[in-house]
Every structure is written in structure tokens, then in C-alpha cells.
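One structure below.
2 protein chains.
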Amino acid sequence: MTQPKTDPRVQRTRKLIMDSFMELSSKKDFKDITVKDITAEAMINRATFYYHFEDIYDLLEKVLSEVLLVNLNCDDYQNDELNEEALVSIFLAITNFQKSLSNRCHRGYEDTIARIIRDQLEIIFYKMLLKQHKTEEDRALKITAVILSWGIYGASVEWRRDSKKISPEEFIKLAIPYIIPGIK
Amino acid sequence: MTQPKTDPRVQRTRKLIMDSFMELSSKKDFKDITVKDITAEAMINRATFYYHFEDIYDLLEKVLSEVLLVNLNCDDYQNDELNEEALVSIFLAITNFQKSLSNRCHRGYEDTIARIIRDQLEIIFYKMLLKQHKTEEDRALKITAVILSWGIYGASVEWRRDSKKISPEEFIKLAIPYIIPGIK
DNA sequence: TTGGAAATGTCGTTTATACAACACATTGAG
DNA sequence: CTCAATGTGTTGTATAAACGACATTTCCAA
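Chain order of the listed sequences is P and E.
As numbered in the working numbering, the first sequence has no gaps in its residue numbers, which increase by one up to the final residue, 1280.
As numbered in the working numbering, the second sequence has no gaps in its residue numbers, which increase by one up to the final residue, 1280.
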């Protein structure tokens, strides 16, 4: 802990910007949203936007990361080990997240969104692996986290392709025995 | 116009405070709402509250005035003369306003609310009278505005006492011919 | 009744934000 | 093409808001 405690004005302004962005995203396409739109909705100065975010893509990235993280933290399996239950929870969080996104019209930024999701997954997997394998070589754990993040994300893409046929739980459970050793 | 253009930060902060207050009012009784609650909800410092409002009663007053004014401005009869249609609109605005308040649990402040409503009505009636009777004596118009504001407010109280029996439109229309001279 | 926790107001100092003005890129119409 | 309009990003200087400390008041349980 011992965080520097960010200024409440900063927290408030960031929240105003992010909320305004999500509000606008539900109304129009991402490509039609300007910085001016956002700052008008948030009732802040345009210059203030650039004080907090590099540009509108930086904002997109941070908003998506935060939304996804909230989804992931809803179930508190971050303290758990990397078992079947944890993987199922994560997979559900991803599919739910993408479902909520598709309602928000982010067409044309699937690749950006995918990268964000994979980055977040990688962080989470690495943390979990670190808890279970404290003594192992760090590099190996990082590579494993990369593989898992890409693999699980790919599974979510595959699941969406024929989402009518099977629930996400069943879908991911089919593969888990082959992914994680020692699970019956 | 030529207003000094209030600082956007002031507008934003005032809005945050008022919105937070209304949000809290819908959840708990007015007497249980503290300044700290409001500032926490609004994500502002407690000292900032006192920069904008004298105390929580001042806030209540301003919030109610604003909500009522919004109701009154929805129909743009403020340009009209003081005729039957205008009076009906105003009466409906009051009854709607009180209906929305009753959902918000302001028990124990009916007298404060009543005063605020009468004050706002007085302002509006005076403006309308001034438009129609530019040449008349100002003092007479002011007194008339006072009488109308108390009278119309009293009518809304009376209407609420047996609101099942008659619509507010019909209710107020019964008395209008006796109030405004020259209306058939 | 009392003591202490919580709420109310106030004040000086520090900091985030507003504003205005700028240069630059993009776009669309005549 | 040019010109106007619109969006992006960056600077300075002025000011609203945060902080934290303080004195006071309210209130409620021991």
C-alpha cells in the first residue's frame, strides 16, 4: 500500500471523463466521438483532458482496462490458485465484458480491445502463477502467462463464433483438463 | 445578458453537489443527510461545499427553487400573458413538483418548501403582470403577485387534500373565472 | 450528567483546472 | 486550388478547490 494518495480532484475529473466517454459511446460510434464532445459532457476544459490522457485512444484503453478489471474483481478469485474454477470465472468475465462492449458500438477497434484484454489477462495469470510457483524461474512464468492470455482470449473469440450451441462454462471446461496439468 | 460568465468549475461543482443531494434525498430522510454525506457522494472537499452554500438549508432551498423553475420553464408560457392557459400550466407545474417531492421524503420541511414555492410563484406572477400592465403602479402589481402566489399555492394544498376526486386542470379552472377579470 | 465522537463552520497554504492564444492537421465546399 | 471550418495538441497565467488544522456545536450512550 503506502500509495501517494492521488488528489481527489484528479480522481473526480478522471471519473467524469470516463463516465462521459461511456455515456457517449452508448449513443454514437467511437470514431464519431471527439475530445470536445467528451469534455463538454464532463463539464471540463479541453486542456484538462490532455492533462490526464494522451489522446482519445489512451482514454479508450484505460476505460476498457478499468471496466474489465472491475468485471474480473467482482469474483474475488485473485487470491486463488490457477484452477478450473478460476479459469471459468475469468472466461465468463471476458465473454460478459465483450457482450457489454458489443452494445456500445466500438466497431473498428476490435484489435485494440483484444490487445487490452490480453494485457490484462497476462497480468492476472502472472500474478496467480507467481503465488503457486514462488521458487520457479521468473522468465518461465512470464512466458506461461503470455501463452495463457492469448489462448484464453482466442477461446473467447472461438466461443463467440458459435455462441448459440454451448454455454461459455461448458465451452471452456472442455479444454481445461488439457491445459492445466493435474486437474481431473 | 452581459453576465460575468460564472467559472465552469463553479457550475460543475454546484451541479455535482445538487445532483448528489437529490440522489441522497431519494434514499434517506432530509434530516439524516449530512454535509459530509453530500461531499462524499459528490467527490468534493467539505470546505468546498461551504464555498458555494451557506449550509444544508441553503442548499435545499436552491435545489428546490431550481427544480421548480425547470418545471415551470418546460412549458414556455413565461412570454405569455396571465391568462387561463398560463395559470393552468403553473398549477400543473406545482402539483407535479410536489408529487415528485413526496417521493423524496422531505418530511418536516413542508413549511420551508411551501415558502420556496410561493417565492418562486411571486417572482413569476410579478414578471407576467409587469408585461401586461407596464403603465400601472409598481406597488399594486407587487401586492397582486403576492396575493396570487399565496392563493395559487393554497389551491394546490386544497387540491391535494382530495386529489382523487378531480384532475388539477379541472380543479383550477373552476376558480379562474372568479380570479382573473375578463375571462369567459 | 458527562464525556467523547461526530457534525458544523472557518482560515491560510498548496495544487489542479480554466482560459486564451497559439501552431498544425484534416476536411469539405466553391 | 483556396478558403473556411473543425479537430488536435501545447503553452502561459489566474483562480477554484483540496488539505489540514482549528474552535465550536450537537448528540447520544455510559
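Glycine included, C-beta positions come from ideal geometry on N, C-alpha and C.
Check your understanding: What separation, rounded to the nearest whole angstrom, lies between the Cα atoms of Leu1120 (chain P) and Leu1112 (chain P)?
Key -> 12 angstroms
**Study point:** 8 angstroms Cβ cut-off: residues of chain P touching Met1139 (chain E)
**Key:** Pro1104, Gln1107, Arg1108, Lys1111
Review point. If we count Cβ pairs, one from each stretch, closer than 8 angstroms, do we get three or more for the region 1212 to 1227 of chain E versus the region 1152 to 1167 of chain E?
Key: yes
Practice item. Taking all protein chains shown into account, decide if Leu1217 (chain E) is buried (16 or more other Cβ within 10 angstroms of its Cβ) or exposed. Key: buried
Exercise for review: Return the Cβ separation of Ile1275 (chain P) and Ile1186 (chain P) in integer angstroms, given the expectation that the two are a contact with Cβ distance under 8 angstroms.
Suggested key: That pair is no contact at about 12 angstroms.
Check your understanding: Taking the Cβ atom as the reference point for each residue, do Thr1109 (chain P) and Ile1152 (chain P) lie within a distance shorter than 9 angstroms?
Key -> no
Review point. Does the separation of the CB atoms of Leu1225 (chain P) and Ala1251 (chain P) fall below 9 angstroms?
Key: no
Point to revise | Proximity to Ile1219 (chain E) [Cα-Cα], best of E:Asp1207, E:Arg1256, E:Ile1243 | key: E:Ile1243
Check your understanding: Do Ile1272 (chain P) and Val1184 (chain P) have their C-beta atoms within less than 9 angstroms of each other?
Key -> yes
Review point. Helix, strand or coil for Leu1156 (chain E) per DSSP?
Key: helix
Exercise for review: Could you check which residue in E:Glu1233, E:Asn1192, E:Val1106, E:Lys1124 has the C-alpha nearest to that of Leu1164 (chain E)?
Suggested key: E:Asn1192
Point to revise | Sequence-distant residues of the same chain with beta carbon closer than 6 angstroms to Thr1135 (chain P), five excluded per side | key: Arg1142, Phe1145
Practice item. Take Phe1267 (chain E) and list the residues in its own chain whose beta-carbon comes closer than 6 angstroms to its own, dropping the five residues that flank it on each side. Key: Trp1255
Review point. Given His1229 (chain E), which residues of its chain have a CB within under 8 angstroms of its CB, disregarding the five upstream and five downstream residues?
Key: Leu1237
Point to revise | Nearest residue (CA-CA) to Pro1277 (chain P), options P:Val1166, P:Arg1105, P:Ser1122, P:Glu1180 | key: The residue with the shortest Cα to Cα distance from Pro1277 (chain P) is P:Glu1180.
Review point. Hey, quick one: how far does the alpha helix (DSSP H) through Phe1149 (chain P) stretch, first residue to last?
Key: From DSSP, Phe1149 (chain P) is part of no alpha helix (DSSP H); its letter is neither H nor E.
Check your understanding: When you compare only the Cα positions, how much space is there between His1148 (chain E) and Thr1102 (chain E)?
Key -> 12 angstroms
Point to revise | N-terminal and C-terminal residue of the alpha helix (DSSP H) that Ile1276 (chain E) is part of | key: That residue, Ile1276 (chain E), is in no alpha helix (DSSP H); it is neither H nor E in DSSP.
Review point. Anyone know if the C-beta pair for Leu1178 (chain E) and Phe1117 (chain E) falls short of 9 angstroms?
Key: no
Check your understanding: With respect to the alpha helix (DSSP H) encompassing Ile1239 (chain P), which residues constitute its N-terminal and C-terminal limits?
Key -> 1234 to 1257
Review point. Out of curiosity, what's the CA-to-CA distance linking Thr1098 (chain E) and Lys1223 (chain E)?
Key: Only weak support exists for where Thr1098 (chain E) lies, its pLDDT of 41 falling under 50; the coordinates are left without a value.
Point to revise | Between the CA atoms of Ala1182 (chain P) and Leu1188 (chain P) - distance to the nearest angstrom | key: 10 angstroms
**Study point:** Cβ shell of Ile1129 (chain E) (< 8 angstroms), same chain only, five flanking positions each side left out
**Key:** Phe1117, Leu1120, Ser1121, Ile1152
Review point. Ends of the alpha helix (DSSP H) at Asp1133 (chain P)?
Key: 1131 to 1138
Practice item. Apply the 10 Å Cβ neighbour rule to Gln1107 (chain E) and answer buried if 16 or more other Cβ atoms are within range, or exposed otherwise. Key: exposed
Check your understanding: By a C-beta neighbour count over all protein chains shown, 10 Å radius and 16 as the cutoff for buried, is Pro1104 (chain E) buried or exposed?
Key -> exposed
Practice item. Using three-state DSSP, classify Lys1227 (chain P) as helix, strand or coil. Key: When DSSP states are grouped into helix, strand and coil, Lys1227 (chain P) belongs to the helix group.
**Study point:** Length of the line joining the Cα atoms of Asp1133 (chain P) and Lys1269 (chain E)
**Key:** Straight-line measurement puts the Cα of Lys1269 (chain E) at about 46 angstroms from the Cα of Asp1133 (chain P).
Check your understanding: Using the rule of at least 16 other Cβ atoms within 10 Å of the residue's Cβ for burial, across every protein chain shown, is Ile1190 (chain P) buried or exposed?
Key -> buried
Check your understanding: Under the three-state reduction of DSSP, which class applies to Lys1127 (chain P): helix, strand or coil?
Key -> helix
Point to revise | C-beta contact flag for Met1282 (chain E) and Glu1150 (chain E) at 9 angstroms | key: Residue 1282 (chain E) lies beyond the range of chain E shown here (1097 to 1280); nothing can be said about it.
**Study point:** Sequence-distant residues of the same chain with beta carbon closer than 7 angstroms to Ser1245 (chain P), five excluded per side
**Key:** Correct list, in chain order: Arg1214, Leu1217, Glu1218, Phe1221.
Review point. Just the Cα atoms here: how many angstroms apart are Pro1264 (chain P) and Val1253 (chain P)?
Key: 11 angstroms
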